[in-house]
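Chains G and P supply the protein sequences, listed in that same order.
Residue 1 is where the first sequence starts when you use this note's numbering, and the numbers rise one by one after that.
Residue 1001 is where the second sequence starts when you use this note's numbering, and the numbers rise one by one after that.
Cβ atoms here follow ideal geometry from the backbone N, Cα and C, with glycine treated the same way.
There are 2 protein chains.
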Amino acid sequence: MQTKTIDSVAGKKRVILPRAVRRQQLILATMRCISKVGLSSVTMAQVTKEAGLSRGIANLHFERKENLLIETLRFVTDEYNRGQADILNAANFSSASEQLAALVQFQFSRSVTEATKMAVWFAFYGEATSRPTYQKICADSDARAARSVRALFTQLGAMQQAAVNVGAVTDGYIALIDGLWLNLLLAPKKMTRAKAKRVAWTFLEGVFPSIKA
Amino acid sequence: MQTKTIDSVAGKKRVILPRAVRRQQLILATMRCISKVGLSSVTMAQVTKEAGLSRGIANLHFERKENLLIETLRFVTDEYNRGQADILNAANFSSASEQLAALVQFQFSRSVTEATKMAVWFAFYGEATSRPTYQKICADSDARAARSVRALFTQLGAMQQAAVNVGAVTDGYIALIDGLWLNLLLAPKKMTRAKAKRVAWTFLEGVFPSIKA
DNA sequence: GCCGAGAATGAACCCACGTTCATTCTCGGC
DNA sequence: GCCGAGAATGAACGTGGGTTCATTCTCGGC
């Protein structure tokens, strides 16, 4: 009478998996929960249920709830940083403008601007002021992201007729993207990915006229 | 042996004040607490202690904690909107550029960018995804702010040589300001009010060359 | 001066949630 | 096939925190 199912839907059989797999399962479940109920009311019971696992497993793999949350934040920032680095450290672009286009494309890709992920980002941003650990993770991630954007902008600036204040432009671009993400999250009916991309692009064309071609 | 002090520092005497005063006291205390410990770990005990009042008073004036939080959010958004409206609806500016200058000045004024207030803003933004009530208050506030900025930009656009896409520029400007505020909050060591103002101004000069004078 | 309305207090209550841990189960090595 | 390591479970525990409410206090009207 034992139903054979790949994922053991109704099965009572206990499944044992490596630590890394369980940790990721829990982190992903945490993200879904945060976007559903908010960082301030996520409970361990919800997360473990969402992950389809037992109550005590989170403590087994993360010790404390706070650790799970921190790892969730790290997961999201790392993923973004890896994606951005893949583009900005790549050597196989034929021009800086093409690299820039890839960057914008990436920043407003479905994967990055997915509601679940952005909800998590901003939930932690909102708590960062009062939690040194979150603060540090966010600051480090932002700094890393900013550095590589600045490098690209330096290249692009050198190609322009008029002199460009790379520092100010980088700060402005990063703020613009953050603000667009926020809008995308808070008013998805009013701001769309396509619209946001166009706005970003308008900013860039204003600063680096040569990319207009 | 009874020391007469205006604020009855050590006095045991019970003070009775009008509802509106108590409500504001509690709201201000809530803001300080949120910026200190974060929205997700604010407790009624902390807030009432911070306000120098008794445990039960919050429930007396707000019924539930949730109401106090909502009123706190409303307090912050209303204050901002009133300040912005004072500038953008004023008839006593000699030119649109002057009005624009006043807007930027206001948006990066100490009063608006004060750490306490911005922490509150972003704390609620972070929870807005999962709380329809916060979501609505934020969206309404943003929409109102955007409308009046768009009106000013329409005026400014009409003065330029080349045609300006007012919609995209408004969206961009608002996103830029939000992003700069976020930076100001998360990395106050790296981003300063003056720097932020300069970045905003650079954006505006790019879009509306005529204001450069 | 007295009284009623309602503002203010804080001890007590109760529940939700994080954490613990005794027990059960799985798997690989021998 | 047996055994030990450790992964997984979920009932039970303790506590922190929101809410209630009986009581006390203040003030304005008469």
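Span separating the alpha-carbon of residue i from that of residue j
i         : j         : result
G/Met31   : P/Leu1182 : 22 Å
G/Gln160  : P/Thr1043 : 55 Å
P/Thr1048 : P/Gln1024 : 12 Å
G/Ile16   : G/Lys117  : 28 Å
P/Thr1133 : P/Glu1066 : 10 Å
P/Ala1143 : P/Lys1013 : 46 Å
P/Asp1086 : P/Gly1157 : 22 Å
P/Pro1018 : P/Ala1090 : 33 Å
G/Met191  : P/Lys1195 : 27 Å
P/Gly1052 : G/Ala162  : 59 Å
P/Arg1193 : P/Arg1110 : 8 Å
G/Arg131  : G/Lys212  : 43 Å
Close beta carbons around residue i, own chain, < 8 Å, minus the five adjacent residues each side
i         : result
G/Ala115  : Ser35, Leu185, Pro188
G/Phe203  : Gly172, Tyr173, Leu176
G/Gly126  : Leu39
P/Val1037 : Gln1046
G/Thr129  : Gln135
P/Leu1073 : Val1120, Phe1124, Tyr1134, Ile1137, Cys1138
G/Ala151  : Leu88
G/Ile70   : Thr133, Tyr134, Ile137
G/Gly83   : Phe106, Ser111, Val112
Cβ-Cβ distance between residue i and residue j below 8 Å
i         : j         : result
G/Gln99   : G/Phe108  : no
G/Asn81   : G/Ala146  : no
P/Gly1179 : G/Asp178  : yes
P/Gln1221 : P/Ala1096 : No information on residue 1221 of chain P is available, as it lies outside the stretch 1001 to 1213 that chain P covers here.
P/Leu1088 : P/Ala1058 : no
P/Phe1062 : P/Leu1068 : yes
Under 8 Å from the C-beta of residue i: neighbouring residues of chain G
i         : result
P/Arg1131 : Gly38
P/Val1207 : Gly206
Neighbour list for residue i in chain P, Cβ cutoff strictly below 9 Å
i       : result
G/Asp86 : Going along chain P, no residue has its Cβ under 9 Å from G/Asp86, so there is no contact; the nearest lies around 23 Å.
G/Tyr80 : Within 9 Å Cβ-Cβ: nothing; G/Tyr80 doesn't reach chain P, min ~15 Å.
Cutoff 7 Å; reference residue i; Cβ partners in own chain excluding five residues on either side
i         : result
G/Val169  : Phe153, Val207
G/Glu50   : Ala29, Arg32, Cys33
P/Val1104 : Lys1197, Ala1200, Trp1201
G/Ser210  : Met159, Gln160
Interface partners of residue i on chain P, CB under 8 Å
i        : result
G/Val199 : Ala1168, Asp1171, Gly1172, Ala1175
G/Leu17  : None at all; the shortest Cβ gap to chain P is about 30 Å.
Under 7 Å by beta carbon: chain G residues contacting residue i
i         : result
P/Phe1203 : Gly172
P/Phe1122 : Tyr125, Gly126
P/Asn1183 : Ala175
Contacts of residue i in chain P (Cβ-Cβ under 7 Å)
i        : result
G/Asp140 : The contacting residues do not exist; G/Asp140 stays about 11 Å from chain P at best.
Cutoff 6 Å; reference residue i; Cβ partners in own chain excluding five residues on either side
i         : result
G/Cys138  : Ala128
P/Arg1022 : His1061
G/Ala102  : Ile87
Under 9 Å from the C-beta of residue i: neighbouring residues of chain G
i         : result
P/Met1191 : Asp171, Ala175
Could you tell me which uninterrupted beta strand (DSSP E) segments, each at least 3 residues in length, are contained entirely in the segment 1067-1128 of chain P, listed from first to last along the chain?
If we require 3 residues or more, the segment 1067-1128 of chain P turns out to have no beta strand (DSSP E) run fully inside it.
Please give me, in chain order, every unbroken run of the alpha helix (DSSP H) with length at least 4 that falls completely inside the segment 122-161 of chain G.
Counting only runs of 4 or more, we get 132-158.
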